[in-house]
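Reading through the structure tokens given below for one structure.
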Amino acid sequence: MMKIALITGATSGIGEACARRFAEGGYSLILTARRADKLAAVKAELEAKGTKVLTLVFDVRDAEAAKQAVDSIPAEWQNIDVLINNAGLALGLDKEYEGDPEDWNTMIDTNIKGLLTMTRLIVPAMVKRNEGHVINVGSVAGDAAYACGNVYCATKAAVKSISDGLRIDVADTAVRVTNLKPGLVETNFSNVRFHGDNERADKVYKGIKPLTGADIADVAFYAASAPKHVQIAEVLVLATHQANGNVIHREA
Ligand code: NDP
Ligand code: 8X3
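Just so you know, the sequence shown maps onto residues 35 to 286 in the working numbering.
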């Protein structure tokens, strides 16, 4: 029986690294994101190494498109073992009273509503089969707000509540729920946050060795591989010189 993982936001960073890690671990993959060309490149790379890959191009903010994409999954791919709700972003780093409401909407629609859309589409079949695992990519940002993080931090605090809520609601089944909370991970995250200001993005990782997408993918794979009676409910993964979302020690 093939083991199947569906990973949202698999064209970059943590999602792309999860695709590689779960492929190495013998999973067949359903990879989703908006950028068809990048998704096709990840698919080609992994298929060349013998992994079966199905790609679905849609925006998680578009609930109808998400439903159509999930409805299009062929029968032999429908028993999804692991859903990694990873697609997400931060936009801006501004004082709350100066933030851009459009950025707020995009973060809320992607990080909260998009994650819920995917959960609503995929989890009922897991409950029916009495097996499955949802790994939500939260953040250290959801543990406590940091300066100018306001709405992004709120979306990740929501991911914690949504993960906890789902864990309660599936407690009478064998479905497991993990809230995986990374700290500083060097991906495209800051380039997106600063709307393409790459110089500013680079500064986020100055003076500290940040985590990589692969570091987070290893933890996701560990959680998915734990014995069936073990539920890794929540994991906070920080860079060594990072204590929380606010305290980061940087070499001069
Ligand atoms: P990247 O920008 O490198 O990757 C983000 C991924 O999400 C891309 O594959 C992108 O694909 C996808 N995505 C974004 N918006 C949408 C959308 N509307 N619909 C579908 N896919 C979308 O960032 P990361 O890998 O760092 O981020 C992944 C997750 O990790 C996010 O939820 C982020 O909040 C979280 N995180 C990141 C941390 C970090 O320091 N990097 C730390 C803690 C959590 P495409 O553009 O092709 O659609
Ligand atoms: C991403 C990590 O600390 O930049 O969630 O918010 S942080």
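Beta carbons: idealized from backbone N, C-alpha and C, even for Gly.
Since we're looking at a predicted model, the values are computed, not measured.
Through-space distance from residue j to residue i, alpha-carbon basis
i, j, result
"Lys215", "Val281", "16 angstroms"
"Val174", "Lys83", "34 angstroms"
"Glu50", "Gly59", "14 angstroms"
"Phe228", "Lys162", "42 angstroms"
"Thr140", "Ala260", "34 angstroms"
"Thr212", "Ala254", "9 angstroms"
"Gly133", "Met35", "49 angstroms"
"Ala103", "Arg68", "12 angstroms"
"His283", "Ala99", "43 angstroms"
"Leu90", "Asn184", "32 angstroms"
"Leu218", "Val226", "14 angstroms"
"Ile38", "Asp93", "21 angstroms"
"Asp96", "Tyr256", "31 angstroms"
"Gly122", "Thr45", "12 angstroms"
"Arg54", "Leu80", "7 angstroms"
"Ile48", "Ala273", "15 angstroms"
"Ser62", "Ala258", "14 angstroms"
"Asn222", "Gln112", "30 angstroms"
"Asp198", "Arg154", "15 angstroms"
Buried versus exposed, by CB contacts within 10 Å (16 or more), residue i
i, result
"Gln276", "buried"
"Glu130", "exposed"
"Asn232", "exposed"
"Lys235", "Residue identity check: residue 235 is Ala in the sequence provided, not Lys. So Ala235 ends up on the buried side."
"Ala70", "exposed"
"Lys262", "exposed"
"Pro244", "buried"
"Lys237", "exposed"
"Asn164", "exposed"
Integer Cβ distance of residue i from residue j, believed to fall under 8 angstroms
i, j, result
"Val271", "Ile250", "6 angstroms"
"Asn120", "Cys52", "7 angstroms"
"Ala178", "Gly279", "6 angstroms"
"Val209", "Met152", "Wrong, their Cβ atoms sit about 14 angstroms apart, outside the cutoff."
"Thr22", "Ile142", "This structure does not reach residue 22, given that the chain is present from 35 up to 286, and the question cannot be answered."
"Ile114", "Ile169", "That belief does not hold up - the Cβ atoms of Ile114 and Ile169 are roughly 12 angstroms apart, past 8 angstroms."
"Leu40", "Leu117", "5 angstroms"
Residue i - DSSP class collapsed to helix/strand/coil
i, result
"Ser224", "helix"
"Ser62", "strand"
"Val281", "coil"
"Val94", "coil"
"Val104", "helix"
"Asn164", "coil"
"Leu40", "strand"
"Ile242", "coil"
"Leu123", "coil"
"Ala67", "strand"
"Val204", "coil"
"Ile114", "coil"
Residue i Cβ short of 7 angstroms to ligand 3 heavy atom set
i, result
"Thr246", "As presented, the structure is devoid of ligand 3, carrying ligand 1 and ligand 2 as its sole ligands."
Bridge partners - residue i, DSSP secondary structure assignment
i, result
"Glu268", "Asn213"
"Thr89", "Leu65"
"Val253", "Answer by DSSP bridge pairing: none, since Val253 is not bridged."
"Lys146", "This sequence places Ile at residue 146; Lys is not what is there. For Ile146, which the question treats as bridged, DSSP gives no partner whatsoever."
"Val171", "Leu214"
"Val219", "Leu245"
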